[in-house]
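Student:
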Amino acid sequence: MSTATSGIDQTGAKAAAGKMSGLVSERQVEELDNVVIRFVGDSGDGMQLTGNEFSKAVGEAGHDFSTHPDYPSEIRAPTGTLFGVSGYQIQYSSRPVFTSGDAPDVLVVMNPAALKTNLPDLKRGGIIIANSGAFTEGNLAKAEYQSNPLEDGSLAGYQLFKIDIAEFTANALSNSGLSKKDVGRCKNYFALGVMLCLYNRPFDKEVSDIRKKFAKKPEFADANVTALTAGYAYAEATEMFATTYQMRASAATPGKYRSITGNSAAALGFVAAAELSGVPLFIGSYPITPATDILHDLSALKNYNVTTFQAEDEIAGMCSTIGAAYGGSLGLTTTSGPGMALKTEALGLAVMLELPLVIVNVQRGGPSTGLPTKSEQSDLLQAVYGRNGECPVPVIASYSPSDCFDCAIEAFRIAVKYMTPVILLTDGGIGNAAEPWLIPDVASLPKLAVKFRTEPEGFQPYARDENLARPWVKPGTPGMEHRIGGLEKDFFSGNISHNPLNHQRMVDVRAAKVAGIAKDIPPLEIHGPKSGDLVIVGWGSTYGSIAQAREKAEALGKSVAHVHLRHLNPMPADLGEILKRYKTVLVPELNLGQLSKLLREHYLLAVVQLNKVQGKPFMVADIYDRILELC
Amino acid sequence: MNSPNELADKIHSLTKKDFESDQDVRWCPGCGDYAVLAQVQKILPTLGIPRENFAFISGIGCSSRFPYYMETYGMHSIHGRAPAIASGLKLSRPELSVWVVTGDGDALAIGGNHFIHAMRRNIGLKIILLNNRIYGLTKGQYSPTSEIGKKTKSTPMGSIDRPFSPVAVALGAGATFVARAVDSDLKHMASVLERAAAHKGTAFVEILQNCVVFNDDAYGALSNKATRADAGVFLEHGKPLVFGKDRNKGIRLKGWEPELVTLGENGATEADLVMHDEKASNGGLAFFLSQLENPKFPVPLGVFRDLEEPAYEELNKAMAEGARVAKGPGDLGRLLSSGETWIIK
Ligand SMILES: Cc1ncc(C[n+]2csc(CCOP(=O)(O)OP(=O)(O)O)c2C)c(N)n1
Ligand code: SF4
Ligand SMILES: [Mg+2]
Chain A
491 MSTATSGIDQ TGAKAAAGKM SGLVSERQVE ELDNVVIRFV GDSGDGMQLT
541 GNEFSKAVGE AGHDFSTHPD YPSEIRAPTG TLFGVSGYQI QYSSRPVFTS
591 GDAPDVLVVM NPAALKTNLP DLKRGGIIIA NSGAFTEGNL AKAEYQSNPL
641 EDGSLAGYQL FKIDIAEFTA NALSNSGLSK KDVGRCKNYF ALGVMLCLYN
691 RPFDKEVSDI RKKFAKKPEF ADANVTALTA GYAYAEATEM FATTYQMRAS
741 AATPGKYRSI TGNSAAALGF VAAAELSGVP LFIGSYPITP ATDILHDLSA
791 LKNYNVTTFQ AEDEIAGMCS TIGAAYGGSL GLTTTSGPGM ALKTEALGLA
841 VMLELPLVIV NVQRGGPSTG LPTKSEQSDL LQAVYGRNGE CPVPVIASYS
891 PSDCFDCAIE AFRIAVKYMT PVILLTDGGI GNAAEPWLIP DVASLPKLAV
941 KFRTEPEGFQ PYARDENLAR PWVKPGTPGM EHRIGGLEKD FFSGNISHNP
991 LNHQRMVDVR AAKVAGIAKD IPPLEIHGPK SGDLVIVGWG STYGSIAQAR
1041 EKAEALGKSV AHVHLRHLNP MPADLGEILK RYKTVLVPEL NLGQLSKLLR
1091 EHYLLAVVQL NKVQGKPFMV ADIYDRILEL C
Chain B
52 MNSPNELADK IHSLTKKDFE SDQDVRWCPG CGDYAVLAQV QKILPTLGIP
102 RENFAFISGI GCSSRFPYYM ETYGMHSIHG RAPAIASGLK LSRPELSVWV
152 VTGDGDALAI GGNHFIHAMR RNIGLKIILL NNRIYGLTKG QYSPTSEIGK
202 KTKSTPMGSI DRPFSPVAVA LGAGATFVAR AVDSDLKHMA SVLERAAAHK
252 GTAFVEILQN CVVFNDDAYG ALSNKATRAD AGVFLEHGKP LVFGKDRNKG
302 IRLKGWEPEL VTLGENGATE ADLVMHDEKA SNGGLAFFLS QLENPKFPVP
352 LGVFRDLEEP AYEELNKAMA EGARVAKGPG DLGRLLSSGE TWIIK
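Chains as they are written, first to last, in my numbering: chain A, 491 to 1121; chain B, 52 to 396.
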């Protein structure tokens, strides 16, 4: 550790920062096309924030990126422990990025536990930037290290940079007047400063962002700016880094961008659906990881046509949504696995009532409480089939964070056009991961036509239109008072009917209505050859890993295509025919083969499964290796 | 659309018949539910509300068939969930008059959670609980209000469950309007229902309802002409708890315990009796009353509590208006490009 700069105080840091713009470094600048960086520390170290800010900084340079936050389910696990480690991985590139990357090139570790748990993932020869001050005897013991890995030569195969981030931050803030605890909180900005310098990202934008973020607490704004500056200055001045890195320019589509997570994109999509249809949005939800942020985001938008209701449980979330849809709102409820289970009975009622509403399941590891903060795709069969009775529900899934926006609108498009509940599946990976989003022009968004029936003449509550949808009638409409309910209903009047043939007819028509949505699904996009040796069929968050693996295999001359399903029930009309054009069908999923089951059942096809249930996304290599085995 | 005058005429000309649907009522002959249906149909035309603005939401049970018989908007939903569905409806459409009809199993067993939270929030629902102290629709199992020792098919040796009082539960949940009536006293029931209809926030009415098939005579003493004056005490705001055929019995407090007295005996006077106060901000008196039961004490009938508190839907509306004032009306384009953005040229 160099002590030359350890005395940086606020003025020193400023002076150092002042030099930066004009400083001609004698260091080498290595050009990159792609890098994967993982920030890891204690839950309280603020690594999610560091990662977020770093990803914004690279997005602003026009680079594509994809992130993967990975945090424990404990809010503040005991410090220094192996299970308390929180990580944030970002891949950014001069080319389009689909995943947060397999193995990191760079590991920024704030303590021994972070190193211990993440080192196995680091590329051979990769960079480790370690907060050496946290490698104390106590922390080493908590991480079950016999000796200090920073000193014992065990990291010889990597490029190790030791920086006493804690100490430098404390020194930089010695005159700040902040408590020791608050000073400790600024470490992450020091680390961010180091990384911005190392990757040749500008520094002033971040300063103004900090000022904005902490506008209400100027003393924290000052402290964080000081820490950031000190980190940047340190990385600039130290002789430790012989090389810095510069990403080659990207050819991103011109336009206005923001970084967005799947949950935020979904929330915006739902507000958009309300605005586009002119129908108010109602969300009734009960908090559950990793879905809660949708409720949070919408709760802050009460100046829009949005009512938010934190219900007493998921059943009430679903039921209040039914009540609101009955009242003429776009009904929305958001949840994850266990909450989805609770909503099941009421979802059946919504099917009987034929009311338009959307249920979002941000899937997590199951069964039961499972792995709340990890992602999985194991609720697909539950979504398609998991109800009593013949109870068809359209199911769609988003493939990326920004796709959640489009899927939110698509879910309501189907719901109101066909008068049906719709399930939207995302997962914890998509929900929390961020990527740059090319902000759409409002005029380019699809229109959502909603018609409330107000004409009493000839009104039959269950008479159907050409899409087999029944009319949507708001209570309060004169002359159309009627009753609906969960008991089987007469085909036209909706009155209770136990007539055997009527029941057959109602079961058939509910099934036909949902099946009929297939004609309303655009043709599938095929990435790669239109026929050939192998087609990979995916759904949801596996998109990126599959796309990248396919491209790699194609570069090797393999005949491999990729089809990604947004609509899972009903399946797109052209899927069966497409699958027949390839010798082999490979279905990678983060479950034990649920889409595989559906494909076999629908198309009587042999399907090769590739399954993983570790609470982690697929590595590109997982899929790439399987492709090479198959063709 | 109607002009205001036409609307007023239309509302004015509504009658009980206008609230009767064309569906055959399918309760057992002699079931107490008939009386409740008739009284509700009788008071609705008097409320000054257009018929199309009523919505009746129910769960599952004999009692929950209620909406089918009402010529209003209505939903027969799933077991126990009516308050949650009605809450979503009321929040999204505060101008509607939303009624929940439920049973002792529906509201207090499977739906207990929604029941208490509706009242905790004070959302504008009228909740009528038809308490027959039995599960009617599933053919006679004991319910959360059945007495200890109740023999049913699922409790052949007698129930060991302790019952609770719906009124006590409602009070515990913070209900701002809590009342009780008995199916055999039509006039009193109608007056209680009118009070509930006029209340802002959640209005809870327990109706002691006889199930002739599975729990006949559960309220025999209260319904029998010969005994009812002694078996019940009518609560009247600002009046002492006097009851009995000769109106010479009363209830007074001895420490925290109720004590039955006969006026004029042992020096007991009206001044010694518990004075009813619906408006007491402390719920103690109402809870005390909720514990009085036959046969030791008369069953209180009438309004236990009636407080003026803001209704949930009003607060929600005010919050949305506040947000609009503070942040301006929503603008989708601005929303999409909010947060930290950057431009790629
Ligand atoms: C989820 C669910 N569980 C159980 C039932 C069966 N069930 C229907 S009504 C009922 C009890 C009804 O009792 P109560 O609410 O007292 O109504 P009553 O019939 O006495 O009016 C039960 C257990 C059901 N319909 N749904
Ligand atoms: S079973 Fe009892 S509660 Fe149900 S309809 Fe018959 S009498 Fe009424
Ligand atoms: Mg009952």
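By construction, the Cβ of each residue, glycine as well, lies at the ideal position given by its N, Cα and C atoms.
#1: Ligand 1 and G154 of chain B: does any heavy atom of the ligand fall closer than 6 Å to the residue's C-beta?
#2: Could you give the first and the last residue of the continuous beta strand (DSSP E) run that contains D893 of chain A?
#3: What does a CB cutoff of less than 8 Å around Q90 of chain B pick up in its chain, not counting 5 residues either side in sequence?
#4: Does the beta carbon of T189 of chain B fall short of 6 Å from some heavy atom of ligand 1?
#5: What are the residues of the segment 114-139 of chain B that lie near chain A, defined by any Cβ-Cβ distance shorter than 7 Å?
#6: Got a sec: does ligand 3 put a non-hydrogen atom nearer than 6 Å to the Cβ of I178 of chain B?
#7: Taking M546 of chain A as the query, report the chain B residues whose CB atoms sit under 9 Å from its CB, ordered along the chain.
#8: Q92 of chain B: buried (16+ other C-beta within 10 angstroms of its C-beta) or exposed?
#9: Sorted by chain position, which residues of the same chain lie with C-beta nearer than 8 Å to V1103 of chain A's C-beta, five sequence neighbours on each side aside?
#10: Taking the alpha carbon of R1071 of chain A as the reference point, which residue from A:L645, A:V841 and A:V1053 has its own alpha carbon closest?
#11: Give the residues of chain A in contact with K396 of chain B, contact being defined as C-beta atoms less than 7 Å apart.
#12: Just to check my reading of the structure: F355 of chain B and V229 of chain B have Cβ atoms closer than 8 Å, yes? What is that Cβ distance to the nearest angstrom?
#13: When you measure from the CB of D157 of chain B to every non-hydrogen atom of ligand 1, does any distance come out below 6 Å?
#14: Pick out whichever of A:W962, A:V841, A:L861 and A:T967 has its Cα sitting closest to the Cα of P562 of chain A.
#15: Quick check: the Cα distance between L273 of chain B and A282 of chain B, rounded to an integer number of angstroms?
#16: Taking DSSP as the reference, what is the three-state secondary structure of T495 of chain A?
#17: Alpha carbons only, please: which of B:L222, B:G295 and B:R246 is nearest the one belonging to S332 of chain B?
#18: Return the chain-ordered list of same chain residues with a C-beta closer than 7 Å to the C-beta of E521 of chain A, the five sequence neighbours on each side being excluded.
#19: Is it true that the segment 584-592 of chain A meets the segment 614-629 of chain A, where meeting means three or more beta-carbon pairs spaced less than 8 Å apart?
#20: Between P559 of chain A and chain B, is the shortest Cβ-Cβ distance under 7 Å, so that the two count as touching?
#21: Would you call the CB atoms of D234 of chain B and Q260 of chain B closer than 7 Å?
#22: Among B:R77, B:E321, B:L286 and B:H288, which one has its Cα closest to the Cα of N299 of chain B?
#23: In terms of alpha-carbon separation, which member of A:P936, A:Q950, A:V526 and A:P961 lies closest to R943 of chain A?
#24: Looking at the C-beta of A371 of chain B, does it have a partner C-beta in chain A at a distance below 7 Å?
#25: I'd like to confirm something about Y1033 of chain A: is its beta-carbon nearer than 6 Å to some heavy atom of ligand 1, or not?
#26: May I ask you to report which of helix, strand or coil DSSP gives F680 of chain A?
#27: Hey, could you find the ends of the alpha helix (DSSP H) E696 of chain A is sitting in?
#28: At 9 Å on the CB atoms, spell out the chain A contacts of E103 of chain B, in chain order.
#29: Taking Cβ-Cβ distances shorter than 8 Å, what residues in chain B pair up with E945 of chain A?
#30: Would you list, in chain order, the members of the segment 139-150 of chain B that have their beta-carbon closer than 9 Å to a beta-carbon of chain A?
#31: By the three-class DSSP mapping on this structure, what secondary structure does V91 of chain B have?
#32: If distances are taken between C-alpha atoms only, which option among A:E696, A:F895 and A:S810 comes closest to K546 of chain A?
#33: Select from A:F760, A:P968, A:S826 and A:G577 the residue whose C-alpha is nearest the C-alpha of Y461 of chain A.
#34: Out of B:K396, B:H288, B:E364 and B:S115, point me to the one whose CA is closest to P744 of chain A's CA.
#35: Enumerate in chain order the residues of its own chain whose CB-to-CB distance from T569 of chain A is below 6 Å, with the five nearest sequence positions on each side excluded.
#36: Which of the three DSSP states, helix, strand or coil, is assigned to E344 of chain B?
Tutor: This is what the structure holds:
#1: yes
#2: From DSSP, D893 of chain A is part of no beta strand (DSSP E) but of the alpha helix (DSSP H) over D893 to Y908.
#3: L237, M240, A241 and L244
#4: Result yes, Cβ under 6 Å from ligand 1.
#5: P118, Y119, E122, T123, Y124, G125, M126, H127, S128, I129, R132, A135, I136, A137, S138 and G139
#6: Checking the Cβ of I178 of chain B against ligand 3 gives no.
#7: First, the residue type needs correcting, since residue 546 of chain A is Lys and not Met in the sequence shown. Those are E391 and W393, listed as they occur along chain B.
#8: It is buried - the Cβ of Q92 of chain B has at least 16 other Cβ atoms within 10 Å.
#9: The residues G855, E866, S868, L1080, N1081 and L1082, in chain order, have a CB closer than 8 Å to that of V1103 of chain A in the same chain once the five nearest residues on each side in sequence are set aside.
#10: Measuring from the Cα of R1071 of chain A, the nearest candidate turns out to be A:V1053.
#11: Against K396 of chain B, the close residues of chain A are P744, in the order they occur along the chain (beta-carbon pairs closer than 7 Å).
#12: 4 Å
#13: Under cutoff, so the answer is yes.
#14: A:L861
#15: 5 Å
#16: For T495 of chain A, the pLDDT reaches just 33, beneath the cut-off of 50, and the residue's location in the model is therefore unreliable, although a value from the coordinates is still provided. T495 of chain A: coil per DSSP, three-state reduction.
#17: For the residues B:L222, B:G295 and B:R246, the minimum Cα distance to S332 of chain B belongs to B:L222.
#18: Excluding residues within five positions, the ones whose Cβ falls inside 7 Å are Q736 and R738.
#19: no
#20: Residue-level contact by beta carbon fails for P559 of chain A and chain B, as no gap is shorter than 7 Å.
#21: Yes, the Cβ-Cβ distance between D234 of chain B and Q260 of chain B is below 7 Å.
#22: Closest by alpha carbon: B:E321.
#23: A:P961
#24: yes
#25: Not one heavy atom of ligand 1 sits closer than 6 Å to the Cβ of Y1033 of chain A.
#26: helix
#27: D694 to K703
#28: P965, G966, T967, P968, G969, M970 and E971
#29: Going along chain B, no residue has its Cβ under 8 Å from E945 of chain A, so there is no contact; the nearest lies around 13 Å.
#30: G139, L140, K141, L142, S143, R144, E146, L147 and V149
#31: helix
#32: A:E696
#33: A question about residue 461 of chain A goes unanswered here, because the residues of chain A that appear run from 491 up to 1121.
#34: B:K396
#35: D532
#36: coil
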